[in-house]
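S.K.: Encoded as structure tokens, here's the structure I'll be asking about.
Residue numbers (full-length UniProt numbering): 1 to 292.
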């Protein structure tokens, strides 16, 4: 039996994602210990993002429930049995088998990418540009690509969607910095996160904030955990607080490095001094690390 480990809740998505604990051990072994993870087929995250920024017209979308579109072979389904009670949690649990790729299995990421790429190669002769886009401009289920012109963006993005549909992969949540392209790819109104407090629309792409209207990237810097005294300059931060702040900036392209380098210089100095985690950074180290 594979335990149902937990549900991942994303406020931006209508349904929770059930994750199975394939690493749970029973009688000395687990499902993951008996699975091959397969080769790393995931594209480089910086490479996908740089190609996304390469040309004038950018498009982004994602495959709806990618794992759940891939069937498990009949002879392998007994390895994916699990118990589930009704919503009332009454009576004996019922035994089920997963018939689709599960979240939590070591082999699932490689399996999903392999199927995506195999379907693209199957249709490469008819749609060569779309096949290349699917293989090289996807990061798992996220599709990001840029094009020199609106016409090319519409043509290839539509072909990408068509090729995906041949494997029952449905591209959803189309986004673009080019209004004609966006209108051509979807008839649905744009979904703007109501929690965002800026006047222009913002979208999340691979962990970064993308503002299609100005075609700029932004960073989500959470400073709520920093004490007010530190923000006002009345107290020096500890080594732990500096590390937490510096590492909270997700920056795979290094675009924020001119700003985050100051915190990293301070951390480097505290390690050389042997400063404890919850000890305030020495005043001279802090002043030397902060420019201006």
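Beta carbons are placed, not taken as given, at the ideal position from N, Cα and C, and that holds for glycine.
#1: Rounded to the nearest angstrom, how far is the Cβ of residue 104 from that of residue 40, given a contact under 8 angstroms?
#2: Contact between the stretch 166-175 and the stretch 78-93: three or more CB pairs below 8 angstroms?
#3: Counting along the chain, where does the beta strand (DSSP E) carrying residue 218 start and finish?
#4: Between the C-alpha atoms of residue 184 and residue 155, what's the straight-line distance to the nearest angstrom?
#5: Label residue 295 either buried or exposed according to how many other C-beta atoms from any shown protein chain fall within 10 Å of its C-beta, with 16 as the threshold for buried.
#6: Taking DSSP as the reference, what is the three-state secondary structure of residue 76?
#7: Using the beta-carbon count (16 or more within 10 Å), is residue 225 buried or exposed?
#8: Return the chain-ordered list of same chain residues with a C-beta closer than 7 angstroms to the C-beta of residue 286, the five sequence neighbours on each side being excluded.
#9: Residue 162 and residue 60: beta carbons closer than 8 angstroms?
#10: Determine the DSSP secondary structure at residue 22, reduced to helix, strand or coil.
#11: As an exercise, report each continuous beta strand (DSSP E) stretch of at least 3 residues that is fully enclosed by the UniProt domain "Reverse transcriptase" (47-161), in chain order.
#12: Check whether the Cβ atoms of residue 238 and residue 277 lie closer than 8 angstroms to each other.
#13: Could you say if the stretch 267-276 and the stretch 219-233 meet the contact criterion of at least three C-beta pairs nearer than 8 angstroms?
#14: Residues in its own chain within less than 7 angstroms of residue 23 by CB, not counting five upstream and five downstream?
#15: Between the C-alpha atoms of residue 157 and residue 149, what's the straight-line distance to the nearest angstrom?
#16: What would DSSP say about residue 281, mapped onto helix, strand or coil?
#17: Compute the Euclidean distance between the alpha carbons of residue 295 and residue 256, then round it to the nearest angstrom.
M.R.: From the atom records:
#1: Contact doesn't hold; Cβ gap of about 18 angstroms is too wide.
#2: no
#3: 216-218
#4: 10 angstroms
#5: In the structure as shown, the chain starts at 1 and stops at 292, and residue 295 therefore has no counterpart that could be examined.
#6: helix
#7: exposed
#8: 236 and 266
#9: no
#10: coil
#11: 57-63, 81-84, 94-97 and 142-147
#12: yes
#13: no
#14: 30 and 32
#15: 12 angstroms
#16: coil
#17: The question about residue 295 has no answer here: the residues shown for the chain are numbered 1 through 292.
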